[in-house]
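Step one of this worksheet: look at the structure below.
Numbering (this note's numbering), first residue to last: 1159 to 1788.
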């Protein structure tokens, strides 16, 4: 079947489409129907079915005779170590941990926070919770104590599973002091903590509360998989909220397993036995969906990578892992590719490796500018597939369906909507706009299985955040347009569409022009306050290593390029060259924070920032051109 056939099959009969997809996973009690709309707009999927996510991720593959296949490969260039875990080993390890948690009182519906680095035990902790029907909430390892405390108070966990430390190039990040401080700050106190002691940093345990990972499991009875209803919360994942209070995105179990299982074959082209690598972290949605759950639902091998795209030890790390582990599909963020490109513009390091196993590269997390996509296509000679989705959706909204058919690639577009998503572009009054017109990207309700049904203990906040702006639609918070062929272009967050003298302009379109300059490795455009025009654009440029051009020359050239390609209406006149851009740990550029610095306003330090020191560098650079109150 073609993409058009598959999308039409969903459109013509969504119920039949999703019931057929549901038949591809294991149920203890199969669902009688797919969509439950009695509480619309709080839709649910497969609510009358009974299943277990851990069974679908682990046990069923052992039952099917694939117990000796590798389920997880852990590759850590930081510790120079590698290990593989088979499905049979994983089943034993997860059942043991789940049994120990059960013996300490963790039951179906209880919450457990997981605060771990990129080690296999992080996945085992997630799966052990799933095995019991406990609701896990993974918090990015090394997150600040205050932010962890906020999450402890919001989801009130019975237990916390953590590691003694995480590892960054050249440094050890001690987790245990952060955890202890967070528990001290929180009003809610967990009953107990389980600590994975790493040899690089052995933590001091609190007597009576803390248990070492291995001794905690000694002599316990392994736990079997506990059936849960299709609408049972599988996990809570916190995403940043505009109020400073994080939003707990909820994922229901039935729709989560069905949707992710569907994507592995149809979006990523992955079958049982294939090797899939998502270079992300378990603290983010990509780590949940495409490091832990989806590859294991599909019976594939997933890679847990503890390292960075550059510096561990060089820009060839991606190539080494793809070669050594015979990766078929590789998923990373555009910002990771740009880091490699900046250090190694000719891609000479990666070319040292044999990449014949690689069939496609998938990009998500930040908008993939055409120049970055073309660079990967040129050097790796495989399809490079930009796709777009969110923490809230849990799986791709728009993609090029590699496993169904590879559609013509349009650089700058993540391609076309996946089944389940009726994507429309709306004006401020909520009316669809003509093709090619910039507007708010929204999804007609109901959202498909696997997307958020609500926020944790915050139904009204869910309405206000996502449903109230455009009744009958989910508001994505992104701005873009759809072309005559039905391809979507995401140009910016809605907040990043700037108003220059009455003209609504996309910062993403300007960034696309800047990134096409041969000396620019990475860039960002923000809107800064202007007394005459309301806002004017300001460009930040990071230059490639070895660039012979002066910052002033590159600045003049990109200003001319924006004038030529977008027009004088953009009023793009100012650039500043910086060594690096402030980003979250998942690679998103903190444009709103940069804009507040440029306007001389106070701002709250973003909880997810990778390196706070970058903001001081940005302020200094802006003061050099008379901004940031300088």
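C-beta: ideal position from N, C-alpha, C; glycine also. Nothing here was measured: the structure is a model prediction, and the numbers come from that model.
Can you list, in chain order, the residues of its chain with a C-beta nearer than 7 Å to that of residue i? Leave out the 5 residues immediately preceding and following it.
i: residue 1502; result: 1473
i: residue 1327; result: 1236, 1466, 1469, 1470
i: residue 1454; result: 1215, 1216, 1229, 1460
i: residue 1370; result: 1353, 1355, 1363
i: residue 1630; result: 1602, 1603
i: residue 1199; result: 1603, 1625
i: residue 1286; result: 1252, 1255, 1256, 1259
Spatial neighbours of residue i within its chain, please: C-beta separation below 8 Å, excluding the five flanking residues on both sides.
i: residue 1160; result: 1562, 1563
i: residue 1565; result: 1161, 1558, 1559, 1573, 1574
i: residue 1302; result: 1336, 1765
i: residue 1313; result: 1269, 1271, 1293, 1295, 1394, 1406, 1614
Go through its chain and collect everything with a Cβ distance to residue i's Cβ below 6 Å, but skip five positions before and after it.
i: residue 1445; result: 1438, 1439
i: residue 1268; result: 1292, 1316
i: residue 1521; result: 1492, 1544
i: residue 1507; result: 1472, 1473, 1474
i: residue 1175; result: 1167, 1168
i: residue 1165; result: 1577
i: residue 1190; result: 1206
i: residue 1605; result: 1632
What do you get for residue i, buried or exposed, if any count of 16 or more other CB atoms within 10 angstroms of its CB means buried?
i: residue 1617; result: exposed
i: residue 1335; result: exposed
i: residue 1589; result: exposed
i: residue 1340; result: buried
i: residue 1512; result: exposed
i: residue 1713; result: buried
i: residue 1373; result: exposed
i: residue 1693; result: buried
i: residue 1324; result: buried
Which two residues bound the contiguous alpha helix (DSSP H) that contains residue i?
i: residue 1537; result: 1528–1538
i: residue 1665; result: 1665–1673
i: residue 1618; result: 1617–1620
i: residue 1227; result: No alpha helix (DSSP H) holds residue 1227; DSSP gives it neither H nor E.
i: residue 1163; result: 1161–1170
i: residue 1452; result: 1452–1455
i: residue 1439; result: Residue 1439 -> no alpha helix (DSSP H), and no H or E assigned at all.
i: residue 1305; result: 1303–1313
Just how far apart, CA to CA, sit residue i and residue j?
i: residue 1636; j: residue 1330; result: 37 Å
i: residue 1409; j: residue 1423; result: 21 Å
i: residue 1640; j: residue 1600; result: 12 Å
i: residue 1320; j: residue 1644; result: 45 Å
i: residue 1212; j: residue 1257; result: 14 Å
i: residue 1383; j: residue 1210; result: 6 Å
i: residue 1517; j: residue 1786; result: 46 Å
i: residue 1716; j: residue 1436; result: 34 Å
i: residue 1789; j: residue 1730; result: Outside the displayed span of the chain (1159 to 1788) sits residue 1789, for which this structure offers no information.
i: residue 1308; j: residue 1403; result: 8 Å
i: residue 1172; j: residue 1578; result: 7 Å
i: residue 1586; j: residue 1593; result: 16 Å
i: residue 1263; j: residue 1582; result: 47 Å
i: residue 1412; j: residue 1608; result: 8 Å
i: residue 1463; j: residue 1182; result: 29 Å
i: residue 1705; j: residue 1297; result: 39 Å
i: residue 1721; j: residue 1728; result: 7 Å
i: residue 1119; j: residue 1318; result: Any property of residue 1119 remains undetermined from this structure, which presents the chain solely from 1159 to 1788.
i: residue 1527; j: residue 1757; result: 27 Å
i: residue 1591; j: residue 1628; result: 14 Å
Are residue i and residue j closer than 8 Å when you measure CB to CB?
i: residue 1252; j: residue 1289; result: yes
i: residue 1648; j: residue 1732; result: no
i: residue 1680; j: residue 1500; result: yes
i: residue 1398; j: residue 1529; result: no
i: residue 1678; j: residue 1695; result: no
i: residue 1428; j: residue 1458; result: yes
i: residue 1416; j: residue 1204; result: yes
i: residue 1519; j: residue 1488; result: yes
i: residue 1295; j: residue 1393; result: yes
i: residue 1554; j: residue 1421; result: yes
i: residue 1486; j: residue 1433; result: yes
i: residue 1671; j: residue 1711; result: no
i: residue 1274; j: residue 1299; result: yes
Determine the extent of the beta strand (DSSP E) in which residue i is found, giving its start and end residues.
i: residue 1347; result: First-last for residue 1347: undefined, no H or E at that position.
i: residue 1370; result: 1368–1370
i: residue 1551; result: Premise fails: residue 1551 is in no beta strand (DSSP E) and is neither H nor E.
i: residue 1695; result: 1692–1701
i: residue 1240; result: 1239–1244
i: residue 1733; result: 1732–1735
i: residue 1459; result: 1459–1463
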